Structures are given as C-alpha cells and as structure tokens.
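Number of protein chains: 2
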Amino acid sequence: MAKGKLSDRQRRILDFIMEFNEENGYPPSIREIGEAANISSTSVVNYNLNRLVDEGYLDRDQNVSRGIRLTEKLVRATHQLADVVRVPLVGRIFASEPVPLPGTDSQIFGTDEAIEITRDLLPSTEGLFALEVKGDSMIDAMVNEGDIVVMRRVPEWSNGDMVAVWNKEREETTLKHIYREGSKVRLQPANPRMKPIIIENPETLEVQGKVMLVVRQLN
Amino acid sequence: MAKGKLSDRQRRILDFIMEFNEENGYPPSIREIGEAANISSTSVVNYNLNRLVDEGYLDRDQNVSRGIRLTEKLVRATHQLADVVRVPLVGRIFASEPVPLPGTDSQIFGTDEAIEITRDLLPSTEGLFALEVKGDSMIDAMVNEGDIVVMRRVPEWSNGDMVAVWNKEREETTLKHIYREGSKVRLQPANPRMKPIIIENPETLEVQGKVMLVVRQLN
DNA sequence: CTTGACATAGAACGAATGTTCCGCTAAACT
DNA sequence: AGTTTAGCGGAACATTCGTTCTATGTCAAG
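Read top to bottom, the protein sequences are chains A and B.
For the first sequence, my numbering begins at 1 and goes up steadily by one.
For the second sequence, my numbering begins at 220 and goes up steadily by one.
Structure follows, in structure tokens:
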C-alpha cells in the first residue's frame, strides 16, 4: 500500500535484479542478491524481497529457485523494449496501378519483409499493411518517393479519412481525404494549396485502404 | 554445427522454454521441462538441452538452477518486443522561429514527453530529438501540420542532407536539402516541382539539425 | 554378428537455493 | 519505563535442482 519510500537497500536490490536479469536471462538467487547488496544473511534478503512484493515491484513464486518476476512496468522502463506491431510490407504503390493488397499470410511469422512500428503510433492493429511509394505522383498528398505508407483495410470509410482510392475511369491511384457530399464524393488533397476533385460517380472509385501512418526516412 | 534438424522432442522443449519464460519471467528447471515434454528422466532432458546448446538455440550456465538462456534471436521472434529508441519530444517547430533544441535532460527517464521509434527506422541513436510541426509553412518540404520530425544534432552537415535551417536574414526556419556550391549554398526543397534557393552568404544560415525521420499520423 | 554412435530411462549424489526460527538492536509508541 | 515494530544477522533445515553413473534399446556401418 504505502507507495514511495524504498530503503537504500531495497533500491539496490531492485537495481541488481534488473541488471542481473538483463545480463543472464534469468533472475538471481537470494544469496546472489545478498552478495550484491552486502547482506550477509539470506533471511534479510528474503525479508526485503517480500517487502518489495508488498510494494508491487516484484512477484515471487514460493519454493521455486530464482522465482522472482519483475513487474511489467519495471521491465519496460529499464530496457529499451516496447510493444511493437509488425506490419507486413506487401509491395509498392504506383499512381498507375491499384494498390497491392496483402494475401492471407500468417501475420506472425509469414511475411519476410515487414516494418516494426511502436504500437503507440497506431490506434488499432488489425488489418494493417505497408507500402513503399514509388514515383513522385503522390506529391499533392504530401507523400514523397520512398515514403512508407501504413494502411488499413477498412469495410467502410468515413468523412475526412485519408484513403487510397483507385479511380477506375482515370486508371490511377491517389491518396486523398475523402468526403461524402450528397450523391457525389469530394477528394481533397492533403496540401491545402491544391484544389479538391469532385467525383460525380462514386462507383468509379474503389477505396482500397485507409492511410494510418506515413513514415519518411531520410538518408 | 549441424544446422537444421531438431527432433520432435527438442522442438517441444524449445517451445516450452519460451512459453514458460514468457509466463513466469524465469526459465524452467530441468524437471519442469521433463514433465512438459513427457520425459521421465532428468538426464535425458539434460542431454537434449546440451544438444540445443550445440545447435545454437540456447546458452547454459553450469551448476546454476534454471541457468538457461534463450538465444537473442529467439526471444525477439516470439515476443512482440523490439529494440526502440525513446526520442524526447522537445517542442514545436514554426517557420517564424528557430527550432527549440533539447536541454540536457536525462534521456533515459527525464523528459515526460517522448515518442518511441523502433531502432531499425533510425540509422543512429545519438543526439536525437523530435519536434511537432505547427502551421503549413513546411509544405514545400512535404511536411504537413501535425507531422513529427525526428532530428539529430550534427556538428557538420554533408551535401544532400535534409536539414532544419534558421535563416537569420529572413528570420525563418525551413526544412531543405542542403548543398555546398563553391562559396554559396543551395537549399533544395524536397518537392521536386519547386525551385531551389541559392544563398550567397552561408553565414546567415544556421543548421540546427539534420532531419532523420518524418512521421505522419492520420486520424 | 559385432561395434559404436545416438537416444533414452532410472537412480543416486551433492551442490544450490528457499524457508524458518531464534536472538539482537534501535526507534517509535503508550 | 515498558511495549511494540521494523530491520538485521546467523544458523539449521528441507527442498529444489543440476550432475553423473549405469543400463537398455535402436540402427546403420564394418
């Protein structure tokens, strides 16, 4: 319950456990902790370990050697580890072709090419795929050659979404903000200096994905 | 030496170790492995463990309980964990102001606001800081309002770098590709449809950072 | 058929490791 | 002062756990 105050020893113990874990891939024994923290008695280590459990920093398993588990938060904080989403890189996007869509590859291991995105950059994780942009025809979407576009397969789009649309009549793919306007559809370039396009026949449009993220690596 | 073939048992053992580790935060004991893999004898488990070490899947520490360590690659592959870099988000970037530079905050824990970027998106990790773009004045750099620009403090820039430059005369910050041309400097917009700017007096320029990455989150 | 490498099983041993109990001290509380 | 409590040290104890040794079965090569 009592939150903050850890004794000097307890802080040292915690630090050591984290360090040892990182180093060896398994937790230290009680005696190893004692040695590191200058505690001669195993019972004292045991005592302080239980205190740390009370404070919520550790979990322990009884009667199990090295049965210490760091709390999730601590692990994340100390390592430079984070939750990431593997987004399959399914191909390239040209202006002159519909976007390639992902097959039903096992999203866990299947695809060989993928990019890793930290989860907090993405609102959802389902149905994602990534494309590399070829050519400079997406400039009015403020998307450059070489950029990586992370898209999501969506059943429905809503006003304001930035989507990849395949225009069957013109036979071209563009990235635009899309808006319903009565029976028509307005395609709005991301670049505010450019004019929107009004589509009279929305059936000629095929929304192939909603753009979730654009990543540009320089150099 | 011999690469590929793992016996059915060995695969099961490997799977179990990974699963157990994930579940408990520490590796299983030999007897626990035996139980999971339907092996009655600890010596057989020991035997197979050593085989897995030979194959490069495991590391072991002698005479240490639960002294098993998975090979790095395996850990990464099973979890959805990856190496990330925490980049401090130090402020906003306007056209009308020099870019704010990071203080000497402890880059580990210090800054409260930061974004996490998977390491493979970034070539180096030193001296990084991130800025959020305000206003639409960076359009000719194909950078939009709300984009996040990850920059790096560099002592020297080289030809072709995309940099943030503070133009003292015009009192404005822009993002441009920069080139030395004799005693002059050429600033080239990322948008190929736009004209370059020639700077006669390079002293009026202050290169404040090299742009490493641009991230645009939609929605 | 014999031999040897390989894989397995069972058991015994000893070291590694967690647990418990007793006593001591200093500070806080009544 | 007397009592309580948190924290510590030491030692004995009971398991847990890795190691080792012997024995058995299989299979392919000689």
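Using N, Cα and C, we set each Cβ at its ideal position, and we do this for glycine too.
A quick note: this is a predicted structure, and the numbers were derived from the prediction, not measured.
| said: DSSP three-state label for Glu348 (chain B), please. | reply: Reading the second sequence from its first residue, position 129 is the one you call residue 348 (chain B). It is worth fixing the name first, because residue 348 (chain B) is Phe in this sequence and not Glu. Phe348 (chain B) falls in the strand class under three-state DSSP.
| said: Within 8 Å of any Cβ in chain A, is that where the Cβ of Leu432 (chain B) sits? | reply: For the purposes of this step, residue 432 (chain B) is taken as residue 213 along the second sequence, with counting starting at 1. With a threshold of 8 Å between beta carbons, Leu432 (chain B) makes contact with chain A.
| Nearest-angstrom Cα distance between Lys184 (chain A) and Leu350 (chain B)? | Residue mapping note: residue 184 (chain A) aligns to position 184 of the first sequence, counting from 1. Residue mapping note: residue 350 (chain B) aligns to position 131 of the second sequence, counting from 1. The straight-line gap from Cα to Cα measures roughly 38 Å.
| task | Can you give me, in chain order, the residues of the region 126-147 of chain A that have a beta carbon less than 7 Å from any beta carbon in chain B? | result | Correct list: Asp136, Ile139, Met142 and Asn144.
| query | From the beta carbon of Leu289 (chain B), is the nearest beta carbon of chain A less than 8 Å away? | reply | One-based indexing of the second sequence puts residue 289 (chain B) at position 70. At least one beta carbon of chain A lies nearer than 8 Å to the beta carbon of Leu289 (chain B).
| task | Under 8 Å by Cβ, that's how I've got Met370 (chain B) and Phe348 (chain B) pegged, so tell me the actual separation to the nearest angstrom. | result | To locate residue 370 (chain B), count along the second sequence from 1; it is residue 151. To locate residue 348 (chain B), count along the second sequence from 1; it is residue 129. Confirmed, Cβ separation roughly 6 Å.
| query | Pro408 (chain B): buried (16+ other C-beta within 10 angstroms of its C-beta) or exposed? | reply | The count along the second sequence starts at 1 and reaches residue 408 (chain B) at position 189. With 16 or more other CB atoms across the displayed protein chains lying within 10 angstroms of its CB, Pro408 (chain B) is buried.
| field | Residue from A:Gly34, A:Ala36, A:Leu218 and A:Gly127 whose Cα sits closest to the Cα of Ala87 (chain A) | value | In the first sequence, residue 87 (chain A) corresponds to position 87, counting from 1. Reading the sequence as shown, one finds Val at residue 87 (chain A) and not Ala. The option with the nearest alpha carbon to Val87 (chain A) is A:Gly127.
| said: For the alpha helix (DSSP H) containing Val272 (chain B), name the first residue and the last one. | reply: As a working note, residue 272 (chain B) is residue 53 in the second sequence. Counting along the chain, Val272 (chain B) sits inside the alpha helix (DSSP H) bounded by residues Thr261 to Asp273.
| query | With 8 Å set as the bound, which would you pick, yes or no: does the beta-carbon of Asp120 (chain A) sit closer than that to a beta-carbon of chain B? | reply | Residue 120 (chain A) sits at position 120 when you count from the first residue of the first sequence. Any Cβ of chain B closer than 8 Å to the Cβ of Asp120 (chain A) would place that residue at the interface, and such an atom is present.
| query | Residues in its own chain within less than 6 Å of Val373 (chain B) by CB, not counting five upstream and five downstream? | reply | Along the second sequence, read from residue 1 onward, the residue named residue 373 (chain B) stands at position 154. Excluding residues within five positions, the ones whose Cβ falls inside 6 Å are Lys429.
| field | CA nearest to the CA of Ala114 (chain A), picked from A:Val133, A:Leu121 and A:Val85 | value | What you label residue 114 (chain A) is simply residue 114 of the first sequence in a count that begins at 1. Cα-wise, what sits closest to Ala114 (chain A) is A:Val85.
| query | What is the DSSP secondary structure of Met237 (chain B), counted as helix, strand or coil? | reply | Here residue 237 (chain B) is taken as the residue at index 18 of the second sequence, counted from 1. Reduced to three states, the DSSP call for Met237 (chain B) is helix.
| Which residues, taken in chain order from the region 185-210 of chain A, show a beta carbon closer than 9 Å to some beta carbon of chain B? | Hits within the stretch, in order: Ala190, Asn191, Pro192, Arg193 and Lys210.
| message | I'd like to know whether the C-beta atoms of Ala37 (chain A) and Arg9 (chain A) end up nearer to each other than 8 Å. | response | Stepping through the first sequence from its first residue, residue 37 (chain A) is reached at position 37. Stepping through the first sequence from its first residue, residue 9 (chain A) is reached at position 9. For the 8 Å CB-CB criterion, Ala37 (chain A) and Arg9 (chain A) form a contact.
| query | Under 8 Å between C-beta atoms, does Arg66 (chain A) make it to chain B? | reply | In the first sequence, counting from the first residue as 1, residue 66 (chain A) sits at position 66. So yes, Arg66 (chain A) belongs to the interface.
| query | So what's Asp8 (chain A) in DSSP terms, helix, strand or just coil? | reply | For the purposes of this step, residue 8 (chain A) is identified with residue 8 of the first sequence, where counting begins at 1. Here Asp8 (chain A) sits in helix by DSSP.
| request: Would you mind reading off the limits of the alpha helix (DSSP H) that contains Ala360 (chain B)? | output: Translated into the one-based positions of the second sequence, residue 360 (chain B) becomes position 141. Note, Ala360 (chain B): premise wrong, no alpha helix (DSSP H); not H, not E.
| task | Determine, using beta carbons only, whether Leu233 (chain B) and Tyr266 (chain B) come nearer to each other than 8 Å. | result | The residue you call residue 233 (chain B) lines up with position 14 of the second sequence. The residue you call residue 266 (chain B) lines up with position 47 of the second sequence. No, the pair does not count as a contact, with Cβ atoms beyond the cut-off.
| task | Under the assumption that Pro246 (chain B) contacts Ile258 (chain B) (Cβ atoms under 8 Å), give the Cβ distance between them as a whole number of angstroms. | result | If you number the second sequence from 1, residue 246 (chain B) lands on position 27. If you number the second sequence from 1, residue 258 (chain B) lands on position 39. Not quite, the Cβ-Cβ distance comes to about 16 Å (not below 8 Å), so this is no contact.
| said: Let me see if you follow: with CB-CB separation under 8 Å, is Met381 (chain B) close to chain A or not? | reply: Locating residue 381 (chain B) in the second sequence gives position 162, where the first residue counts as 1. The beta-carbon of Met381 (chain B) is placed less than 8 Å from the nearest beta-carbon of chain A.
| message | List, in chain order, every chain B residue whose beta-carbon is nearer than 7 Å to that of Tyr47 (chain A). | response | Residue 47 (chain A) sits at position 47 when you count from the first residue of the first sequence. In chain order: nothing, as chain B lies at least about 21 Å away.
| Nearest CA to the CA of Trp166 (chain A): which residue from A:Arg51, A:Val90, A:Ile178 and A:Pro123? | Along the first sequence, one-based indexing puts residue 166 (chain A) at 166. In terms of CA proximity to Trp166 (chain A), A:Ile178 leads the group A:Arg51, A:Val90, A:Ile178 and A:Pro123.
| query | Arg92 (chain A) bridges to which residues according to DSSP? | reply | Stepping through the first sequence from its first residue, residue 92 (chain A) is reached at position 92. The bridge partners DSSP lists for Arg92 (chain A) are A:Glu132.
| query | Are the CB atoms of Val264 (chain B) and Ile252 (chain B) nearer to each other than 8 Å? | reply | What you label residue 264 (chain B) is simply residue 45 of the second sequence in a count that begins at 1. What you label residue 252 (chain B) is simply residue 33 of the second sequence in a count that begins at 1. Yes, the Cβ-Cβ distance between Val264 (chain B) and Ile252 (chain B) is below 8 Å.
| said: On the CB-based measure, 16 or more other CB atoms within 10 Å of its CB, does Asp366 (chain B) come out buried or exposed? | reply: By 1-based counting over the second sequence, the position of residue 366 (chain B) is 147. By the Cβ neighbour-count rule, Asp366 (chain B) is buried, with 16 or more other Cβ atoms within 10 Å of its own.
| task | Return helix, strand or coil for Asn420 (chain B), following the three-state DSSP convention. | result | Mapped onto the second sequence, residue 420 (chain B) falls at position 201. Of the three classes helix, strand and coil, the one that applies to Asn420 (chain B) here is coil, per DSSP.
| In terms of residues, what are the limits of the beta strand (DSSP E) holding Ala164 (chain A)? | By 1-based counting over the first sequence, the position of residue 164 (chain A) is 164. Ala164 (chain A) -> beta strand (DSSP E) spans Met162 to Asn167.
| query | Interface residues of chain B around Asn219 (chain A) at Cβ under 9 Å? | reply | Against the first sequence, residue 219 (chain A) aligns to sequence position 219. Those are Pro342, Gly379, Asp380, Met381, Lys429, Val430 and Met431, listed as they occur along chain B.
| request: Compare the C-beta of Asn24 (chain A) against all C-beta atoms of chain B and say whether one is closer than 8 Å. | output: Here residue 24 (chain A) refers to the residue found at position 24 when the first sequence is read from its first residue. Closer than 8 Å to some Cβ of chain B, the Cβ of Asn24 (chain A) qualifies, so yes.
| Residue from A:Ala164, A:Gly25 and A:Leu6 whose Cα sits closest to the Cα of Val214 (chain A) | What you label residue 214 (chain A) is simply residue 214 of the first sequence in a count that begins at 1. Ranking A:Ala164, A:Gly25 and A:Leu6 by Cα distance to Val214 (chain A) puts A:Ala164 first.
| What in chain A is Cβ-close to Arg228 (chain B), meaning under 7 Å? | Working through the second sequence from its first residue, we reach residue 228 (chain B) at position 9. Within 7 Å Cβ-Cβ: nothing; Arg228 (chain B) doesn't reach chain A, min ~22 Å.
| message | Using CA atoms only, rank isn't needed, just tell me which of A:Arg12, A:Met138 and A:Met212 is closest to Gly160 (chain A). | response | The residue you call residue 160 (chain A) lines up with position 160 of the first sequence. Its Cα nearest to that of Gly160 (chain A), the residue A:Met212 stands out among A:Arg12, A:Met138 and A:Met212.
| Under the three-state reduction of DSSP, which class applies to Asp278 (chain B): helix, strand or coil? | Here residue 278 (chain B) corresponds to residue number 59 of the second sequence, with the count starting at 1. When secondary structure is reduced to three states using DSSP, Asp278 (chain B) falls in the strand class.
| field | CB contact check: Arg270 (chain B) to chain A, cutoff 8 Å | value | Against the second sequence, residue 270 (chain B) aligns to sequence position 51. By this cut-off, Arg270 (chain B) is not an interface position.
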